[in-house]
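Asker: Right, I'll just put the structure down here and ask away after.
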Amino acid sequence: MQWQQPQVLLLLPVLLLGLWWAARRRARPREQLWPSLLIWRRVLEQSGPAAAAAAGRRPPLGPLVLGGGAVVLLVLAAAGPRVRVPDGQQPRLGLLIDTSPSTQARAAGGGTRRQALQALGRAVQALVPPARLLASEVGETAGELAALGAGGLEPLARAALALRSRGAQVVVVVADRVLEPPWEPGPDAPGWVSLVPAAPALPNAGIVRAGARPAGQALAVLLAVGADSPPGSEPVAAVELRLQAPGQPERVLARAPAARFARPAAVHLELVPPPAGPFAIAVRPLGADGTALGDGLSADDRVEWEPPGAPVRLWARPGLQALPLLVRRALVAAGGSWAGAAATAEVEVDFAAPAGAAAAPPAGGEPGGAALRARLLLAPAAGAGPPAGALVLRPGPPLWYTDPAGLELPLAPAPPPAELRALLVDAHGRAVAGAREGLGERLFWIGVPLGEPALAAAWSAHPSLPVMLAEALGWLAGREPTAAGWRARGLLDARESAEAVGGAPQGGLAQVRAALEAARAGAARAPRPLASALAALAAVLALLGWREGARQALRRAGASARAAGRAAPGYHPARPGS
């Protein structure tokens, strides 16, 4: 047994001695004679030895023993006893399986590395009962995490911390690279096992960065290209870049020496004349003799380019100057351009209509003459009720990437239009933003007044507003608003490209079994506190002692009264049947 506060045990003899002294003093009260007591003493002397014995009997030891036991238990509880109790339960196992893009790499022996990861994960799951297993798959990439501003903690580490908070005593990570635990070592830290399956990949070449800008009559393209080879395979000596465009034959643009993904090589290209439409640039690895090698990961082999698009033409009702400055700046940043007249607009920005007004299309269609009327409807005033507070996104067209996390609105939303599909909902379940389509109309509604200073200050500092307006404008105009320059799509994070050929066999199921045994032994050796149990038992003993003392006091009082009654003159015991 261990004691957290052993010095408290020194109080035990002092408290027991004080309890004995208090009980003795209570059993022998100080005598003080009164004239009436002299009469009762004579009565007791005449009542015989039985009455004298009943009156002079000392209190029993039961209450004293029970009270002493309660004191002892309370002192022991204050000293913090801890005992080791064996735990026969299987430790809780947390399992993480990496499904990020690097696991899609093809293995040299056939199949993909993800298949090897999942097979190893199933073998780990079989080591514990299903009730003791906490399993999850993590498919986020490091690039996606950095874009969210998560402070550099990679998704697998975040998932491991979540498993620890759920009570996992052993965490096993099955990935294509060796990972370190995201916590400091210590007696309370879970066991950690990082497994990498024996699935060597093929060489890999990929484009990890890309940019383009007009340069006179040409389009200047800058690419960052890397290539790696796993140990034992033919190394990548060079990379080849090819142009792919719809309706045109594929052609080689350039060849460059291979550089590792850790420090990719910069490749400058000039496309003369620039493509009139979308195109793609693909890369493939080459050997020392110039022949093409098998590429292990196709996810980073190709980057697609979109030509610049014209901004969405907007027209404000009742006028541009009536719109809040925050709204005008956010719409321009989202890809909008203000039209000079209603007839040249694609989307109306309506700030004057009441929030609940019907949005029936006019008889002549939208201002541009098309059959579809597209409107961005902004609430001019707040609604009644409590403030909106935190917002929750219900993903669906057009909102997919709007993230309101951390945003709290200090105003209540106005009543929404009829048949609106709520996309942003506040803490009370009320619609804050939504969309409606049909009957020759496409409507996106924002139900809080963006011109209010309190709300503008809260939302202008949050990235969800321009993202939401960009998605809304693209949906209202039937196309995605783009910036003035060419835009690249399909880029994969450089770390994922490098990890597609990385990794090495690191242990196996024996490591997991050893970690489970160590966790089980540690749980058996872990001392369990007994303070609460001892305190509860002390309370029970104190209650029993008080009850026994009260019962003995009543018994003594009754015995004295009966003895005094028998000694009184004229006393005659009752006879049966009288």
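Every letter in the sequence shown is one number past the one before it in numbering that gives the first Met the number 0, and letter 254, counting from 1, is 253. Backbone N, C-alpha and C define an ideal beta-carbon position, used for all residues, glycine too.
1) By Cβ distance, which residues of its chain are closer than 7 Å to GLU498, with the 5 residues on each side in sequence left out?
2) By DSSP, does ALA362 sit in helix, in strand, or in coil?
3) Assuming THR111 and GLN103 make a contact with CB atoms under 8 Å, what is their CB distance in whole Å?
4) Would you report the Cα separation of TRP314 and ARG441, rounded to the nearest angstrom?
5) Check the DSSP bridge columns for GLY205 and list the partner residues they point to.
6) Can you look up ALA214 in the DSSP assignment and give me helix, strand or coil?
7) Grab me the residues of LEU319's own chain with a C-beta within less than 8 Å of its C-beta, minus the 5 sequence neighbours each way, in chain order.
8) For TRP191, name the three-state secondary structure that DSSP assigns.
9) Figure out for me which residue from PRO504, SER164 and ARG312 has the closest Cα to the Cα of LEU116.
10) Does DSSP put VAL70 in a helix, a strand or coil?
11) Decide if GLN168 is buried, meaning its Cβ has at least 16 other Cβ atoms within 10 Å, or exposed.
12) Just verifying my parser: in three-state terms, what is the DSSP assignment at LEU406?
13) Could you tell me which residues DSSP puts in a beta bridge with HIS267?
14) Using only alpha-carbon positions, find the residue among ALA236, ALA134, GLU305 and GLY295 that is nearest to PRO245.
15) Distance check for LEU330 and GLU451, CA to CA, integer angstroms please.
16) Kindly give me the distance between the Cβ atoms of GLY205 and ASP300, rounded to whole angstroms, as I take these residues to be in contact under 8 Å.
17) From ALA344 to ALA476, what distance separates their C-alpha atoms?
18) Based on DSSP bridge pairs, tell me the residues matched to ALA388.
19) Do ALA159 and GLU233 have their C-beta atoms closer together than 9 Å?
20) Is ILE280 near ARG241, with beta carbons less than 9 Å apart?
21) GLU347 bridges to which residues according to DSSP?
22) Using only CA atoms, which one of PRO186, VAL207, GLN89 and LEU285 lies nearest to SER228?
23) Assign THR102 to one of three DSSP states: helix, strand, or coil.
24) Taking Cβ to Cβ, would you say LEU155 is nearer than 9 Å to VAL172?
25) Considering only the alpha carbon of each residue, which of GLY502, ASP187 and ARG486 lies closest to GLU303?
26) Hey, ARG478 and VAL207: beta-carbon distance below 9 Å or not?
27) Are the beta-carbon atoms of ILE445 and LEU376 separated by less than 9 Å?
28) Measuring only the C-alpha atoms, how far is SER531 from ARG519?
29) With DSSP as the reference, identify every bridge partner of GLN243, one or two as the case may be.
30) What does ARG435 pair with, by DSSP beta-bridge criteria?
31) With a threshold of 8 Å on Cβ separation, who are the neighbours of ALA455 within its own chain once the five nearest residues in sequence on each side are excluded?
32) Who pairs with THR111 in a beta bridge, going by DSSP?
33) Pick helix, strand or coil for ARG254, following the three-state DSSP scheme.
34) Are there three or more Cβ pairs, one per stretch, closer than 8 Å when the segment 208-218 is compared with the segment 181-196?
35) Closest to PRO379 by C-alpha separation, out of LEU95, PRO80 and ALA321, would be which residue?
36) With a threshold of 8 Å, establish whether the CB of GLY68 neighbours any heavy atom of the ligand PLP.
Answerer: According to the structure data:
1) SER101, ASP175 and ARG176
2) Confidence at ALA362 is low in this model, with a pLDDT of 36, below 50, so its placement is unreliable and no value can be given for it.
3) 6 Å
4) 15 Å
5) GLY225
6) strand
7) ARG327 and TRP337
8) strand
9) PRO504
10) helix
11) buried
12) coil
13) LEU221
14) GLU305
15) 17 Å
16) 6 Å
17) 10 Å
18) Note that residue 388 corresponds to Gly in the displayed sequence, not to Ala. Answer is LEU408, bridged to GLY388.
19) no
20) yes
21) TRP314 and ARG374
22) LEU285
23) helix
24) yes
25) ARG486
26) no
27) yes
28) 25 Å
29) ALA279
30) LEU442
31) PRO323, LEU325 and LEU449
32) ARG105
33) strand
34) no
35) ALA321
36) Although the ligand PLP was asked about, the structure shown includes no ligands whatsoever.
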